[in-house]
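Structure record follows, encoded as C-alpha cells.
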Amino acid sequence: MNTLFIIVQYLLPQHLISRLVGHLAEARTFWLKNLLIERFIKHYGVDMSEAEEEDPRVYRNFNEFFTRALKADARSICSGEKEIACPADGAISQLGKIEEGRIFQAKGHDYSLYTLLGGNNEDALPFKNGRFATVYLSPKDYHRVHMPMDGKLIASHYIPGQLFSVNQTTAENVDKLFARNERLVCLFETAAGPMAVILVGAMIVAGIETVWAGQVAPPPKTVQTRRFDQQQTIELKKGEEMGRFKLGSTVILLFGDEVMEWLPGFDAGTPTRMGEALATLS
C-alpha cells in the first residue's frame with residue numbers, strides 16, 4: 001500500500017492538483033466552504049476551542065479557517081533568555097546534528113544542506129556541522145509558524161521544486177524529499193549566529209505566506225532571492241508569527257555548530273506545541 005502511495009505521487013500532476021485545491025480553498029460560496037470546513041473538522045478532530053474564532057461558519061473560506069489564529073492564552077512562549085522556542089504545532093520528524101553538510105531524513109535517506117538552501121555556499125557554510133530539527137505539521141494542527149528566537153531577517157530564497165507529500169511514509173521512501181520540494185528559505189541573524197527557518201511546500205499546499213511579503217508560493221518557476229539591508233530592516237521577536245501554510249507541511253530549523261543544544265525528550269515522533277522550549281543556547 002505504501003509503495004502504491006509513493007508511485008501515485010510520482011505520476012500525479014502535483015502542481016496542477018495543488019492549484020486546483022488552492023482555488024477550491026479560496027471559494028466563498030457559503031454552502032461549499034461550510035461543507036468543506038465542517039467535514040474537515042469532523043474527519044481530523046480539529047479542536048476549535050483554542051481558536052480565536054470558534055464558529056466555523058464565520059470564516060469566509062477554507063483557507064481563512066485553516067490559517068486561523070489562536071486565542072491569546074492558547075500557547076505560552078518560553079521566556080528564558082537562553083531558551084529556543086518550537087516554531088510550530090506538530091511533531092518532530094527528525095532532529096540532530098548536520099554531518100559535513102548532510103541532513104538526516106529517515107533510515108537510509110539523507111540530503112544535502114547545500115541543495116536545501118538553493119545551492120548557495122555562503123549561506124550553507126555556517127550550518128555545515130550545525131544542528132537541525134524538522135517539524136511536521138499534520139492537517140489538524142495550527143498552521144502558523146512563529147519565531148524560535150529574536151532575529152533580524154537577512155535574506156529569503158524561494159526555491160521551486162516538486163510537491164510530494166511530506167508525511168512519514170513519504171519521508172521514508174522518497175530520496176532527498178525536503179531538498180526536492182518547493183520551499184522558502186528564511187535566513188536570520190540571531191544571538192546564536194545565523195539561523196535558518198525553512199518552510200517546505202507539499203502536495204495540495206495552496207500557498208506559503210510570510211508576514212513581510214504576503215503569499216510567496218507558487219510564483220514563477222525560478223529561484224527568487226531577496227536580501228535585506230538597513231533600508232529594509234525586518235526584526236521579529238521570539239514567539240512572533242513569521243509565516244503560515246495554506247494547507248500544512250513542514251518547517252526545518254538550522255543552527256550553527258556548538259551554539260545550542262536540543263533539550264532531552266525530543267525525538268522522532270515527539271509531539272510539539274508552538275512556543276514550548278525546544279533547545280537552549282550553549
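For the record, in the sequence shown the residue sitting at position 42 is 42 according to full-length UniProt numbering, with numbers rising by one throughout.
The C-beta atom is built at its ideal place from N, Cα and C for all residues, glycine as well.
Span of the beta strand (DSSP E) holding residue i?
| i | result |
| --- | --- |
| residue 262 | 260-262 |
| residue 250 | 250-255 |
| residue 134 | 131-136 |
| residue 102 | 102-106 |
| residue 162 | Unbroken run through residue 162: none, as it is neither H nor E. |
| residue 280 | 277-281 |
I need the boundaries of the alpha helix (DSSP H) containing residue i, first residue and last residue.
| i | result |
| --- | --- |
| residue 44 | 30-44 |
| residue 180 | 177-180 |
| residue 116 | 113-116 |
| residue 88 | Note, residue 88: premise wrong, no alpha helix (DSSP H); not H, not E. |
| residue 64 | 62-66 |
Quick check on DSSP: helix, strand or coil for residue i?
| i | result |
| --- | --- |
| residue 83 | strand |
| residue 7 | helix |
| residue 18 | helix |
| residue 156 | strand |
| residue 142 | coil |
| residue 185 | strand |
| residue 271 | strand |
| residue 55 | coil |
| residue 125 | helix |
| residue 266 | coil |
| residue 49 | helix |
| residue 12 | coil |
| residue 247 | coil |
Could you tell me if residue i is buried or exposed, where buried requires 16 or more neighbouring beta carbons within 10 angstroms of its beta carbon?
| i | result |
| --- | --- |
| residue 43 | exposed |
| residue 148 | buried |
| residue 2 | exposed |
| residue 271 | exposed |
| residue 16 | exposed |
| residue 105 | buried |
| residue 246 | buried |
| residue 235 | exposed |
| residue 269 | exposed |
> What residue ranges within the stretch 187-231 form continuous beta strand (DSSP E) runs of no fewer than 3 residues, ordered along the chain?
Replying inline: 193-200, 207-210, 214-217, 224-227
> Using 8 angstroms as the threshold, is the stretch 187-204 in touch with the stretch 255-271, meaning 3 or more CB pairs across them?
Replying inline: yes
> If you pair each beta-carbon of the stretch 218-237 with each one of the stretch 144-162, do three or more pairs fall below 8 angstroms?
Replying inline: yes
>> Quick check: the stretch 4-13 against the stretch 33-42, are at least 3 beta-carbon pairs closer than 8 angstroms?
In response: no
> Does the stretch 21-32 come close enough to the stretch 57-64 that 3 or more CB-CB pairs lie under 8 angstroms?
Replying inline: yes
> With contact counted as at least three CB pairs below 8 angstroms, one residue from each stretch, are the stretch 45-57 and the stretch 67-87 in contact?
Replying inline: yes
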